[in-house]
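Going left to right, the sequence shown walks through residues 1 to 948 as this note's numbering numbers them. Have a look at the structure below before the remarks.
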Amino acid sequence: MLIRMMLWNPDGVCGNNFDLLQQHQGYQITSIQEMSDGNGIVAQMKLLRGTEIFGPDIENLKLSVRYEEGDRLHVHITDAIEQRWRIPHRVIPRPVIENSHLLPEESTPEPGTEHRIRNPGRLATASTLELLYTVQPFGFAVIRKSNGAILFDTRPEGSSQGGATSAAANEVPPPPGSTITRLPSSFKRIVFKDQYIEVATALPSSSAIYGLGEGTRPDGMRLRPGRNYTLWATDVGSWNIDIALYSAYPFYMDVRSGGFAHGVLLLNSNGMDVEYTYQGLVYRVIGGVLDFYFFGGPSPAAVMDQFTYLVGRPAAMPYWSLGLHQSRYGYKNVEDLESVLAKYKQVNLPIESIWSDIDYMDGYKDFTLDPVNYPPKKLRPFVDQLHQNGQKFVMILDPGIKIDDTYKTYVHGSELDVFIMNGTRRYIAQVWPGATNMPDFLHPNAQKWWSKEVVEFHDLIPFDGLWLDMNEPANFCSGPNCYFSPDVKCLRIDECCMVCDNTNLSRWDDPPYKINVLGTHEPIYTRTVAMVAEHYGGVRAYDAHNIYGTTETIATYYALKEATKKRPFVLSRSLFVGAGAYAGHWTGDNGATWLDLQYSVASILNSGLFGVPMIGADICGFYFETSEELCRRWTQVGAFQPFARDHSDIHSGPQELHLWKSVADTAAHVFYWRYRLLPFFYTLLYEAHKTGAPIARPLFFEYPEDEETWSIDEQFLLGNALLVSPVLSPGQDTVTAYFPRGVWYNLFDLSKIVMAVKQGMYEHLEAPEDTINVHVRHGSIIPMQEFAMTTAATRKTPFSLLIAFSPVFDVAAFCSIPYSIACQGIYMEYATGHIFLDDDAQLHMEVSPGKGTLIKLEAKRKDGHYVLKSLVTEGSYAAKQRLMLRSIAVLGVASQPYSVRINGKLTSAKVKMNATTNLMELSGLNIPIGKSFELAWKTMHSEIGAPS
């Protein structure tokens, strides 16, 4: 497929249909009932005047509004008479708005004014958000109470401007101390048809919008007006730009002046286009319901907390998932796997796991082994040896199940009737094994079937994780009317060998509105299961397509849990919102190009905002021939991605990191640091699991009030402590990096300091071919352990801490300026950090007796007095592991310390000073990490002068 980039022009696709839609007059509220607890309303609406464009309008709608726990506002609109498709609650568990108890009284609100809930309850009162609505035509707006900012606005032009002071109890006065100002009109009214739903919101031009679907976007992470963003899970290489890829995430975050952020989720799995005009966003959805959730923030971190509280917290990941993984489509036998590992060992590069692509299968059939190249008698000893070495083995699965009456998995699935149907027959697709049936993971028997297959396969080969590919689901043939003809010979397995007659299509495979599939408005069934195909209960693929990968992911998660009796590791290509609670993700089939490397950073950052923080791009690129320089630079970036894997295609040459000396040398350096930083990474995983915060974060996530960060997506933060500024272009030995306000130390050369004391600044950094710039933010405490060749061995080594204070001669000046993350008062400076440790076996990352320990670290200094405190919660697990803190390194110290005390007692710790870097090191501490402690010392001089 050619790389393409196109601007959105809906009129060019649908003629004058959008002009004719302007005749649509929307809906009118006819009656309202309030919820008995005062936290919502239910309203009946009727059509004012519709059009026949894209089909007849639904005459009667039901509106439900509810303020919910977690500071979110829920707005749900559906057909008042007929039940419509909604994402099943077992896929995304959530409160059911219909279960709310209503007061018996109905009211008929007056047109011409704006309304709100008359007698707000506890949740409505406490919420940071408020809903305003108009009656005729119906529209609604979501405002932030604190400043009256309009966050989402569907009110048609010409409706009331707010601020009414009528005696009616539910008319809306302006918020105290603020004025509600109407945003530019989006000139749209709500349209609700069976296969076409349209709603638009006005947005201020200053909004910085992020999210909406998965795609490789040359514009960068921040969405741009004039673009269309299609949400449709598609089997296509991610090296293609500006088209919908594997996952569909109908969520966006909006950051505005002052650093205020909010989030918007349209919980709808149907295909959709979201057009970003210069006035706002226009949703065009081809089915389902309008099911909006609004998250008030007001910080990006708070939005992620609220969003993942609803859809599911990111999954706990096993510790080993943070190591370096090696994979390739094209390892033809077990001997290839052994050879690859031996070569990595020769150059002393740590390999945590080896992955096996579809090469291991017998005829590309799931849960089988090639009897010649991957026989159990060879593969099982190989995997056992991996485990003895502290290494892991991951295997791939595709959803398509070969139609073969001698194939156990197919026979078992047939007996349980777990395959997608096409009328009265099973739907037939073509993927790697040839003729296949597609599992229906919505079927009540699917989990039983899938778990049995995974468990029995694990009994044969004790793999450690599962990798799900092709689960959009992919299909090499396109259309509902395809069949295998004996007259057609299949010359290439990855090209369609079926005969397809797509001339007489149903309205599901040929819907009235054409979303922008593959960037060229291809038929909606292209390269996937036909839309008329049905899941259990009559659910059409038309509705469930975008959640197919998620349903397989959930089934695999629980199957793997049953098989291994450990915390599952699942990596899945196709996801929907909420799937991060079960799996990690990779950016798909990227290309070995510099542009792919550049775009990968934004893709990784976007995934974190979708609630999938365990994310990485294939190092060195999957498709095409890589180069030594590209692979070297990609290795530098990959070492600091949450998920680090080298993976390549069978049609390209090998690209293992040991093949070039310069790449191997670079890999040795950057992965030395990654493995030392494993406790830091793992603690970020814990934070993600508890709060939804990404591991790799865009700069705006921590500095939303700094508008310069809003468009930066070629740098990223790890947590709030490390800033990564890679080289992403060929032939470069420098990089211009932005440093938000603060003091930043080069992690690899602590004598190099960037002082952005008063405000953020750009800095020109040296970046020789073997160097990536990583900086430590002052006010941070970074936990580290010693390097070892596996994560299991690293976990047993002593701890050290890197504590970053600002340089002593700048403390007074720095701390006297407002907004310091590290200072309290003019002469007191703080640094903080955490360590989370657990047994790596429990399903969740929990602080609990004997299984999980949380350590809060706080360092402070004042007038040359330093104190490091550790507050331990549930220290028994760490104590049982006999983990020790051996040393600390403190940045920003210029004077020799004396009187070093641990818990008030003098210690004989060794002291080392480096005047060049203002670095003090204390070694030989041997403090048990599982017990709270206080480490204090003084320096020879006060070190801090009065501010100038």
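Think of the CB as a built atom: it goes at the ideal place given N, C-alpha and C, for glycine as much as any other residue. The structure displayed is predicted, hence computed values, not measured ones.
Own chain residues within Cβ distance below 6 Å of Y525, not counting five before or after
Here residue 525 is taken as the residue at index 525 of the sequence shown, counted from 1. S478, G479, D509 and M531, listed in sequence order.
With distances taken Cα to Cα, identify the nearest neighbour of W660 among Q25, Y344 and A541.
Sequence index remark: in the sequence shown, residue 660 carries index 660 (1-based). If we check each option's Cα against that of W660, Y344 comes out closest.
V394 to V383, Cα distance in whole Å?
Along the sequence shown, one-based indexing puts residue 394 at 394. Along the sequence shown, one-based indexing puts residue 383 at 383. Computed Cα separation, rounded: 10 Å.
Which same chain residues, not among the five before or five after A168, have their C-beta less than 6 Å away from its C-beta?
As a position in the sequence shown, residue 168 is number 168, starting the count at 1. In this prediction, A168 has a pLDDT of 29, which is less than 50 and means its spatial position is unreliable; nothing more can be read from the coordinates.
Just to confirm the assignment: which complete beta strand (DSSP E) runs, minimum length 3, are found wholly within the segment 763-804?
773-777, 781-785 and 799-804
Environment of S269 [buried if 16+ CB atoms lie within 10 Å]:
Along the sequence shown, read from residue 1 onward, the residue named residue 269 stands at position 269. So S269 ends up on the buried side.
Who are I351's beta bridge partners in DSSP?
Within the sequence shown, the letter at position 351 stands for residue 351. Answer is none; I351 lacks a bridge partner.
Between the alpha carbons of K862 and Y830, how many angstroms are there, rounded?
Translated into positions along the sequence shown, residue 862 becomes position 862. Translated into positions along the sequence shown, residue 830 becomes position 830. The alpha-carbon atoms of K862 and Y830 are separated by roughly 9 Å.
Closest by C-alpha distance to D839, when choosing among F192, A316 and A80
Along the sequence shown, read from residue 1 onward, the residue named residue 839 stands at position 839. The candidate whose alpha carbon is nearest that of D839 is A316.
So P897 is in the alpha helix (DSSP H); what residue range does that whole segment cover?
Residue mapping note: residue 897 aligns to position 897 of the sequence shown, counting from 1. Run containing P897: none in the alpha helix (DSSP H); it sits in the beta strand (DSSP E), P897 to I902.
Just to confirm the assignment: which complete beta strand (DSSP E) runs, minimum length 3, are found wholly within the segment 275-323?
280-285 and 290-295
Looking only at C-alpha atoms, which of I97, T125, E82 and I29 sits nearest to E114?
As a working note, residue 114 is residue 114 in the sequence shown. Minimum Cα distance to E114 is reached at I29.
Based on DSSP bridge pairs, tell me the residues matched to E714.
Counting from one through the sequence shown, the residue named residue 714 turns up at place 714. None, per the DSSP bridge assignment.
Simplified DSSP state of Y548, which is helix, strand or coil
If you number the sequence shown from 1, residue 548 lands on position 548. It is helical.
Residues bridged to K62 [DSSP beta-bridge criterion]
Walking along the sequence shown from the start, residue 62 turns up at place 62. Looking at the DSSP assignment, K62 forms a beta bridge with Q44 and T78.
Where does S238 fall in DSSP's three states?
In the sequence shown, the residue the question calls residue 238 occupies position 238. DSSP places S238 in coil when its eight states are reduced to three.
Between the segment 679-696 and the segment 731-748, do at least 3 Cβ pairs fall closer than 8 Å?
no
Tell me where the beta strand (DSSP E) around I197 begins and ends.
Translated into positions along the sequence shown, residue 197 becomes position 197. Counting along the chain, the beta strand (DSSP E) containing I197 begins and ends at I197 to A202.
So, is E874 buried or exposed, given that buried needs 16 or more other C-beta atoms within 10 angstroms?
Reading the sequence shown from its first residue, position 874 is the one you call residue 874. Buried, by the Cβ-count rule.
For the beta strand (DSSP E) containing L103, list its first residue and its last residue.
The residue labelled residue 103 in the question sits at position 103 within the sequence shown. Careful: L103 lies outside any beta strand (DSSP E) and carries neither H nor E.
Can you list, in chain order, the residues of its chain whose CB lies under 7 Å from that of G653, leaving out five sequence neighbours each side?
Taking the first residue of the sequence shown as position 1, residue 653 is located at position 653. Taken in chain order, the residues that qualify are E625.
Mind reading off the beta-carbon distance from V577 to F610? Whole number of angstroms is fine, and I expect it under 8 Å.
For the purposes of this step, residue 577 is taken as the residue at position 577 of the sequence shown. For the purposes of this step, residue 610 is taken as the residue at position 610 of the sequence shown. 7 Å between Cβ atoms; contact.
Taking the runs of the alpha helix (DSSP H) that are 4 residues or longer, which of them lie wholly in the segment 422-471?
446-460
Buried/exposed call for H387, threshold 16 Cβ in 10 Å
By 1-based counting over the sequence shown, the position of residue 387 is 387. It counts as exposed.
Is it buried or exposed for Y762, if we count other Cβ within 10 angstroms and need 16 for buried?
Translated into the one-based positions of the sequence shown, residue 762 becomes position 762. Exposed, by the Cβ-count rule.
Length of the line joining the Cα atoms of Q896 and M828
Reading the sequence shown from its first residue, position 896 is the one you call residue 896. Reading the sequence shown from its first residue, position 828 is the one you call residue 828. About 19 Å.
For L73 versus S127, is the C-beta spacing smaller than 8 Å?
In the sequence shown, the residue the question calls residue 73 occupies position 73. In the sequence shown, the residue the question calls residue 127 occupies position 127. In this structure, S127 lies closer than 8 Å to L73 by Cβ.
Can you tell me whether Q391 is helix, strand or coil according to DSSP?
Counted from its first residue, the sequence shown places residue 391 at position 391. Q391: coil per DSSP, three-state reduction.
Using 8 Å for Cβ pairs, my map puts L212 next to Y229. What's the rounded Cβ distance?
If you number the sequence shown from 1, residue 212 lands on position 212. If you number the sequence shown from 1, residue 229 lands on position 229. L212 to Y229, Cβ: 4 Å. Contact.
For the beta strand (DSSP E) that R144 lies in, which residues bound it at each end?
Counted from its first residue, the sequence shown places residue 144 at position 144. Its beta strand (DSSP E) spans residues F138 to R144.
Taking just the CA atoms, how far does I619 sit from E352?
Locating residue 352 in the sequence shown gives position 352, counting from the first residue. Locating residue 619 in the sequence shown gives position 619, counting from the first residue. Approximately 15 Å between the Cα atoms of the pair.
When DSSP labels each residue in this structure, what does W508 get in the three-state scheme?
As a working mapping, residue 508 is identified with position 508 in the sequence shown. Coil at W508, not helix or strand.
Inter-residue spacing [alpha-carbon to alpha-carbon] between K910 and A889:
Counted from its first residue, the sequence shown places residue 910 at position 910. Counted from its first residue, the sequence shown places residue 889 at position 889. In a straight line, the C-alpha of K910 is about 12 Å away from that of A889.
For H545, count neighbouring C-beta atoms within 10 Å of its own C-beta (all shown protein chains included) and say buried if the count is 16 or more, exposed if not.
Locating residue 545 in the sequence shown gives position 545, where the first residue counts as 1. With 16 or more other Cβ atoms within 10 Å, it is buried.
Alpha carbon to alpha carbon, how far is F965 from G692?
Beyond the ends of the chain as shown, which are 1 and 948, falls residue 965; an answer cannot be given.
Between which two residues does the beta strand (DSSP E) containing Y738 stretch?
Your numbering for residue 738 matches position 738 in the sequence shown. Where Y738 is concerned, the enclosing beta strand (DSSP E) stretches over T734 to F739.
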